[in-house]
Amino acid sequence: MVLTVSSNVRKIWPHLTEAQKNARREKFIALTNDVQQARAIYSNKVQAISKKHRWSEHWTSHQLYISSIMRSHGRPTAWNGFVREHLKDINEKLEKGTCWKLAEFIATHWETLLHDFVQLTEAHKSNYVTQLMQERVQKRATTCDQPKAIQCKMSMAFGTMDKEWTSLCASLGIKGFYIAVHGGVRDLSAPKLFFSPKGEKFVCAVLDIEPRRLALKFESFVVLGLADGIGSTSHPQPHPLNKLVSECHRAIQKGLEEVLHDNQVTSTVQMNYDNYERKVVERFGVELISWPTDLLPICNPEHIGGRDQVQKLLNALTTKASYWKKLSKEELRRRIVLNGGCQACGENVYKPHKKCTLQGTEKSPATVAPNTDASDLDDGDGGNMA
Numbered sequence: 001m002v003l004t005v006s007s008n009v010r011k012i013w014p015h016l017t018e019a020q021k022n023a024r025r026e027k028f029i030a031l032t033n034d035v036q037q038a039r040a041i042y043s044n045k046v047q048a049i050s051k052k053h054r055w056s057e058h059w060t061s062h063q064l065y066i067s068s069i070m071r072s073h074g075r076p077t078a079w080n081g082f083v084r085e086h087l088k089d090i091n092e093k094l095e096k097g098t099c100w101k102l103a104e105f106i107a108t109h110w111e112t113l114l115h116d117f118v119q120l121t122e123a124h125k126s127n128y129v130t131q132l133m134q135e136r137v138q139k140r141a142t143t144c145d146q147p148k149a150i151q152c153k154m155s156m157a158f159g160t161m162d163k164e165w166t167s168l169c170a171s172l173g174i175k176g177f178y179i180a181v182h183g184g185v186r187d188l189s190a191p192k193l194f195f196s197p198k199g200e201k202f203v204c205a206v207l208d209i210e211p212r213r214l215a216l217k218f219e220s221f222v223v224l225g226l227a228d229g230i231g232s233t234s235h236p237q238p239h240p241l242n243k244l245v246s247e248c249h250r251a252i253q254k255g256l257e258e259v260l261h262d263n264q265v266t267s268t269v270q271m272n273y274d275n276y277e278r279k280v281v282e283r284f285g286v287e288l289i290s291w292p293t294d295l296l297p298i299c300n301p302e303h304i305g306g307r308d309q310v311q312k313l314l315n316a317l318t319t320k321a322s323y324w325k326k327l328s329k330e331e332l333r334r335r336i337v338l339n340g341g342c343q344a345c346g347e348n349v350y351k352p353h354k355k356c357t358l359q360g361t362e363k364s365p366a367t368v369a370p371n372t373d374a375s376d377l378d379d380g381d382g383g384n385m386a
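Taking UniProt numbering, the leading residue of the sequence shown gets 1, the next gets one more, and so forth.
Right, here's the structure in full:
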């Protein structure tokens with residue numbers, strides 16, 4: 001029989017002094033009190049929200065817990081935006097069913113993605129983060145309510161509307177009707193309609209149809225999508241390219257003037273596209289955020305491409321997806337250092353200075369005696385000829 005020695009050695013901890021025990025006890029009591037106080041505040045807040053919006057405390061606490069998890073784990077980063085854009089660009093060229101999945105794409109192109117991500121500047125990284133944050137703000141969460149609750153809410157709302165319409169017809173003497181229907185077949189509520197006596201007579205006598213049948217016809221017209229196939233002559237014609245460029249110039253200049261006015265700059269400042277970093281960013285401490293990534297670097301809109309590129313830039317400017325921002329002193333200092341380093345590495349961050357040129361034509365190195373005139377030259381030539 002082979003004897004084995006156990007490797008589990010019992011550790012003997014040194015005894016604590018009375019001062020250390022008291023310190024640990026006080027620390028534990030303070031932590032317990034803070035936790036209990038936080039729980040009490042949280043419970044009171046849940047009860048207040050539940051009472052105000054008439055939801056159960058369990059549902060309210062669950063929503064608060066989910067939102068805290070999303071805030072802590074769903075923070076947008078430059079890496080997420082960078083990988084998302086590259087994955088989208090590759091999948092656009094592939095057929096349906098052959099697109100890359102996110103995990104497979106990262107595992108296969110890990111080295112290439114990491115190399116390209118390291119080459120990004122701070123401006124590009126901030127653009128990725130800003131785009132993700134703006135997409136989250138624009139995206140609205142859809143809450144699925146119970147159909148019965150929707151019907152009760154709708155019935156109460158239209159019951160109030162019927163009373164208001166009746167009161168208006170009686171007090172102001174107006175005549176009319178309204179019809180309200182849902183736009184999808186999944187909605188189980190019936191059409192809502194209101195007809196004043198004169199309005200009901202008009203529908204029956206002139207249109208030769210019952211009011212409820214008219215509401216059903218209108219509902220079928222909307223649900224079947226018949227209105228989508230009717231051509232509209234009110235669509236505006238696309239603007240020419242020079243018009244789009246002019247609108248981009250106007251939007252950029254307007255945003256620059258607004259952000260400078262908010263920062264107590266009263267003089268008129270024109271946007272400098274050729275030397276943007278030195279004349280605009282470093283001089284006034286403002287930056288144009290979220291310029292479309294595929295149109296970087298920031299340049300004159302008339303040089304970024306065709307109609308699609310200019311229209312994309314105009315949409316970003318008009319929807320405030322791309323906007324002007326005031327830089328803090330620390331951000332401005334880092335930006336100046338970064339621009340200087342990029343310029344030293346050979347990048348054209350700043351516009352190069354023009355070379356000095358000499359005025360006039362270059363003079364001949366030959367010298368002419370000051371007392372020489374045309375008569376002396378003629379005499380000398382004549383003597384040689386004799």
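Yeah, the Cβ is synthetic: ideal placement off N, Cα and C, and Gly gets one too. Here the structure is a predicted model, which is why all the values come from computation and not from measurement.
I need the straight-line Cα distance from residue i to residue j, nearest angstrom please.
i       : j       : result
Ala-321 : Ala-123 : 15 Å
Ser-220 : Leu-313 : 40 Å
Met-133 : Pro-76  : 7 Å
Lys-175 : Thr-268 : 56 Å
Gln-309 : Trp-291 : 12 Å
Thr-233 : Glu-57  : Because the pLDDT of Thr-233 is 49, which lies under 50, any placement of that residue in the model is unreliable, and the question is left without a value.
Ile-150 : Lys-45  : 27 Å
Ser-196 : Thr-166 : 8 Å
Phe-177 : Phe-194 : 5 Å
Thr-32  : Lys-21  : 16 Å
Val-223 : Lys-51  : 38 Å
Glu-210 : Gly-97  : 51 Å
Val-137 : Tyr-350 : 35 Å
Leu-226 : Arg-213 : 18 Å
Val-203 : His-182 : 22 Å
Gln-37  : His-62  : 20 Å
Lys-326 : Glu-282 : 11 Å
Ala-48  : Gln-343 : 57 Å
Of all the options the options, which has the alpha carbon lying nearest to the alpha carbon of residue i?
i       : options                               : result
Glu-302 : Ser-246, Glu-210, Val-137 and Glu-104 : Ser-246
Ser-43  : Ala-23, Arg-25 and Leu-64             : Leu-64
Leu-295 : Glu-287, Gly-305 and Arg-213          : Gly-305
Thr-266 : Leu-256, Asn-272, Asp-274 and Tyr-273 : Leu-256
Lys-153 : Ala-48, Asn-127 and Lys-192           : Lys-192
Trp-110 : Glu-92, Leu-87, Val-337 and Gln-131   : Leu-87
Phe-158 : His-239, Leu-168, Ala-180 and Gly-173 : Ala-180
Taking the beta carbon of residue i as the centre, do at least 16 other beta carbons fall within 10 Å, making it buried, or is it exposed?
i       : result
Gly-285 : buried
Thr-60  : buried
Asp-379 : For Asp-379, the predicted model reports a pLDDT of 48, less than 50, meaning its position is unreliable and no value from the coordinates is stated.
Leu-288 : buried
Asn-242 : exposed
Gly-81  : buried
Cys-299 : exposed
Is there at least one non-hydrogen atom of the ligand NAD closer than 7 Å to the beta-carbon of residue i?
i      : result
Lys-88 : The ligand NAD is absent from the structure shown, which contains no ligand whatsoever.
What first and last residue would you give for the beta strand (DSSP E) that runs through residue i?
i       : result
Ala-180 : 177-180
Pro-13  : With the sequence shown as reference, residue 13 is identified as Trp, and Pro is not the correct amino acid for it. Looking at the DSSP string, Trp-13 is not in any beta strand (DSSP E), and its letter there is neither H nor E.
Leu-193 : 192-195
Assuming residue i is part of the alpha helix (DSSP H), what are its boundary residues?
i       : result
Val-286 : Val-286 -> not in any alpha helix (DSSP H); beta strand (DSSP E) instead, spanning 286-289.
Leu-31  : 18-53
Any alpha helix (DSSP H) of 4 or more consecutive residues that is wholly inside the region 97-174: Within the region 97-174, the complete alpha helix (DSSP H) runs of at least 4 residues are 102-108, 110-118, 122-138 and 147-172.
Beta strand (DSSP E) segments (min. 3 residues) lying fully within the region 231-315: Runs of the beta strand (DSSP E) inside the region 231-315: 286-289.
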